[in-house]
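Notes to accompany the following structure.
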Amino acid sequence: MIVFLLAAAVPFAGSVVCANCHARIADSQSQTGHAGALKRETGRWAFGSGLQAITYVSQADEDTYLEHGLSWYRKSNGLDLTPGHKSRQGVRYRTFAADAAILRCFQCHSTGTLRLASRREILPAEPGVRCEACHGPGGEHAKAPARVRLRNPGKMKAAEINILCGECHRMPPAVGVETNWENPWNARHQPVYLSQAECFQKSGGRLSCLTCHPPHTSQPVNTSARCQACHENTRHRTATAGKTCVNCHMPDVAPSSLLRFANHWIGIYGENPLRPLAKRQGR
Ligand code: HEC
Ligand code: HEC
Ligand code: HEC
Ligand code: HEC
Ligand code: HEC
Ligand code: HEC
Ligand code: HEC
Numbered sequence: 002m003i004v005f006l007l008a009a010a011v012p013f014a015g016s017v018v019c020a021n022c023h024a025r026i027a028d029s030q031s032q033t034g035h036a037g038a039l040k041r042e043t044g045r046w047a048f049g050s051g052l053q054a055i056t057y058v059s060q061a062d063e064d065t066y067l068e069h070g071l072s073w074y075r076k077s078n079g080l081d082l083t084p085g086h087k088s089r090q091g092v093r094y095r096t097f098a099a100d101a102a103i104l105r106c107f108q109c110h111s112t113g114t115l116r117l118a119s120r121r122e123i124l125p126a127e128p129g130v131r132c133e134a135c136h137g138p139g140g141e142h143a144k145a146p147a148r149v150r151l152r153n154p155g156k157m158k159a160a161e162i163n164i165l166c167g168e169c170h171r172m173p174p175a176v177g178v179e180t181n182w183e184n185p186w187n188a189r190h191q192p193v194y195l196s197q198a199e200c201f202q203k204s205g206g207r208l209s210c211l212t213c214h215p216p217h218t219s220q221p222v223n224t225s226a227r228c229q230a231c232h233e234n235t236r237h238r239t240a241t242a243g244k245t246c247v248n249c250h251m252p253d254v255a256p257s258s259l260l261r262f263a264n265h266w267i268g269i270y271g272e273n274p275l276r277p278l279a280k281r282q283g284r
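Going by my numbering, the letters in the sequence shown line up with residues 2 to 284, in that order.
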């Protein structure tokens, strides 16, 4: 959903205000990929914290934005074609196109309400995915914290957390909607893939994004320990020494030579990292 031009109706406070009372969380969250997902750089916007890539976007004229043809990639520490592009010329977007594509880039990579400045320039309220992207507008809470409470996803069910994170990481598919499991780009959509895993479907709502991703830090958790909390002493016929659970059961998918995503459809894999063996054989 695009929150647009509703600045007066939606009282967002901004993370600087939250930091007054939640200093430790704010400090830690400011170091995450989320916080760095959008930055203003000399006349252009840098999308992506650079954990994997940075894509540049700038306003071309009053009606048009340009997604630059060259992006920076960590893996090569250099520039290469932006995903989906066929030339270095870049791709132009009409600001108010029917699919709102460029507005949607800003919406997922920023927090609060988008506004328009002069020359129809898009201005996010706060660049990056900060506090109120997950907790909702906090202006009233910041004034009276005991009286006005914010959404605490720690109290939500696993399926609801998938939907909260899925607002940007993409929703689990609706019934009857087919996902193309052979397209490696789709592996970026973690909620979609996790929702297919037996671990998710058969664990009575105990498995969510938060099982493995603490929300206010990018520090990796010990995922093997998380697996073993539900799978004690699994007996393998396969030799497992020297590998982690994730190496085999959440294999890397590489949609291009410069990007990789962990397949969140936890399962038993053969040669094909896109989907598990068991499902392919209809077990
Ligand atoms: C003036 C101090 C203050 C500011 C500013 C403030 N908070 Fe809080 N926040 C609190 C206090 C105190 C609590 C505990 C309230 C309670 O338990 O009654 C709290 C609780 C919370 C909770 C837990 C809610 C729950 O019910 O479990 C969240 C989430 C939260 N704050 C987020 C934020 C965000 C996001 C911002 C910025 C928009 C923010 N806070 C700004 C003082 C503040
Ligand atoms: C407002 C949109 C939005 C929401 C809501 C959101 N994310 Fe993200 N997330 C992003 C974007 C954009 C990135 C890319 C950040 C970058 O540039 O590195 C990202 C990156 C990540 C990463 C990898 C980067 C890192 O710092 O580790 C993880 C893990 C992640 N998100 C988990 C979650 C979880 C879990 C939730 C729900 C509790 C969630 N996200 C909710 C937009 C969002
Ligand atoms: C529906 C929400 C959404 C939209 C729309 C969106 N992004 Fe993202 N973007 C994400 C999420 C979530 C991630 C993290 C997962 C991933 O890497 O795919 C991300 C990751 C990225 C990254 C890589 C960050 C890193 O270092 O890993 C770049 C670059 C990026 N987006 C640029 C863009 C640009 C440019 C647009 C518009 C053309 C755009 N995004 C539109 C949600 C979105
Ligand atoms: C990607 C989504 C996301 C973002 C961004 C985010 N939070 Fe949270 N926050 C959560 C989730 C999920 C929980 C529940 C954690 C749990 O119970 O394991 C939570 C819990 C909290 C709590 C209550 C529990 C506690 O740890 O004290 C506070 C307070 C809070 N967040 C403040 C903030 C502030 C301040 C920011 C910005 C600096 C922020 N959050 C950014 C998702 C987010
Ligand atoms: C919240 C509990 C939970 C967590 C955490 C969890 N699983 Fe599972 N997993 C299950 C349940 C329940 C099943 C269904 C089969 C069963 O009852 O043992 C399952 C099934 C599996 C299967 C068989 C899948 C198939 O399609 O045949 C594998 C492999 C697996 N898990 C590996 C893992 C790995 C590796 C991790 C960590 C990355 C993990 N699980 C995390 C609960 C969990
Ligand atoms: C069973 C553990 C587990 C669960 C549950 C889980 N993740 Fe992950 N996630 C991982 C692992 C392991 C990685 C790879 C980390 C690395 O390479 O450093 C990862 C990586 C990511 C990344 C970085 C890009 C990528 O795909 O490698 C994003 C974004 C992400 N997860 C989002 C989510 C979201 C959103 C959810 C909930 C739908 C979720 N994860 C649930 C274990 C998990
Ligand atoms: C070297 C790759 C590899 C590693 C490492 C690995 N597994 Fe497996 N796992 C497999 C394969 C292959 C199977 C299918 C049965 C077999 O060969 O034992 C399997 C089966 C499973 C099953 C299903 C068992 C059943 O009876 O249906 C679970 C659960 C599981 N693994 C969990 C884990 C956990 C937890 C870890 C980490 C402690 C782990 N695996 C490490 C490859 C691996």
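For glycine and all other residues, C-beta sits at the position ideal for the given N, C-alpha and C. In this text, all values refer to a predicted model and were calculated from it rather than measured experimentally.
Proximity test, residue i beta-carbon vs ligand 1 heavy atom, cut-off 7 Å
i           : result
residue 150 : yes
Cutoff 6 Å; reference residue i; Cβ partners in own chain excluding five residues on either side
i           : result
residue 277 : 268, 269, 270
residue 110 : 38, 39, 48
residue 255 : 261
residue 143 : 14, 18
residue 78  : none
residue 250 : 267
residue 169 : 109
residue 120 : 63
residue 122 : 60
Any non-hydrogen atom of ligand 2 within 7 Å of residue i CB
i           : result
residue 103 : no
residue 263 : no
residue 49  : yes
residue 274 : no
heavy atom of ligand 4 below 7 Å from residue i C-beta
i           : result
residue 131 : yes
residue 164 : no
residue 155 : yes
residue 198 : no
residue 126 : no
residue 12  : no
residue 16  : yes
residue 1   : The structure shown does not extend to residue 1, since the chain is modelled only from 2 through 284, so no value can be given for it.
residue 142 : no
residue 190 : no
Neighbourhood of residue i by C-beta distance below 8 Å, restricted to the same chain and skipping five residues each side
i           : result
residue 215 : 222
residue 217 : 26, 29, 30, 33
Contact test: residue i Cβ vs ligand 5 heavy atom, cutoff 7 Å
i           : result
residue 277 : yes
residue 237 : no
residue 244 : no
Check: residue i C-beta below 7 Å from any heavy atom of ligand 6
i           : result
residue 227 : yes
residue 221 : yes
residue 109 : no
residue 269 : no
Inter-residue CB distance, residue i and residue j (contact presumed, cutoff 8 Å)
i           : j           : result
residue 159 : residue 209 : 4 Å
residue 247 : residue 224 : 5 Å
residue 25  : residue 64  : Not really, about 44 Å apart at Cβ, beyond 8 Å.
residue 43  : residue 219 : About 26 Å separates the two Cβ atoms, so there is no contact after all.
residue 227 : residue 212 : 6 Å
residue 72  : residue 61  : About 17 Å separates the two Cβ atoms, so there is no contact after all.
residue 204 : residue 231 : 6 Å
residue 137 : residue 151 : 6 Å
residue 263 : residue 253 : 6 Å
Residues of its chain near residue i, where Cβ-Cβ distance is below 7 Å and the 5 sequence neighbours each way are ignored
i           : result
residue 197 : 266
residue 153 : none
residue 284 : The predicted model places residue 284 with a pLDDT of 43, which falls under 50 and marks its position as unreliable, so this point remains unresolved.
residue 207 : 159
residue 23  : none
residue 41  : 128
residue 201 : 195, 208
residue 99  : none
residue 118 : 124
Proximity test, residue i beta-carbon vs ligand 3 heavy atom, cut-off 7 Å
i           : result
residue 97  : no
residue 170 : yes
residue 60  : no
Heavy atom of ligand 7 within 7 Å of residue i beta-carbon
i           : result
residue 212 : no
residue 241 : yes
residue 249 : yes
Q: Report yes or no: do the region 137-150 and the region 47-55 share at least 3 C-beta pairs separated by less than 8 Å?
A: no
Q: Decide yes or no for the touch test of the region 163-170 against the region 178-188: beta carbon pairs closer than 8 Å, at least 3 of them.
A: no
Q. Do three or more CB pairs link the region 127-147 to the region 16-32 at distances below 8 Å?
A. Contact between the region 127-147 and the region 16-32 is present, because at least three Cβ pairs lie under 8 Å.
Q. Per the contact definition of three or more C-beta pairs closer than 8 Å, is the region 106-122 in contact with the region 77-86?
A. no
Q. Between the region 68-75 and the region 89-100, do three or more beta carbon pairs fall short of 8 Å?
A. They touch, by the three-pair rule.
**Q.** Every unbroken alpha helix (DSSP H) inside the region 66-147 [4 residues or more]
**A.** 102-109, 132-136, 140-144
Q) Whole beta strand (DSSP E) runs in the region 199-233 with 3 or more residues, listed along the chain? A) none
Q: Only counting runs of 3 or more residues, tell me where the beta strand (DSSP E) segments fall wholly within the region 7-50, in order along the chain.
A: Counting only runs of 3 or more, we get 39-42, 45-48.
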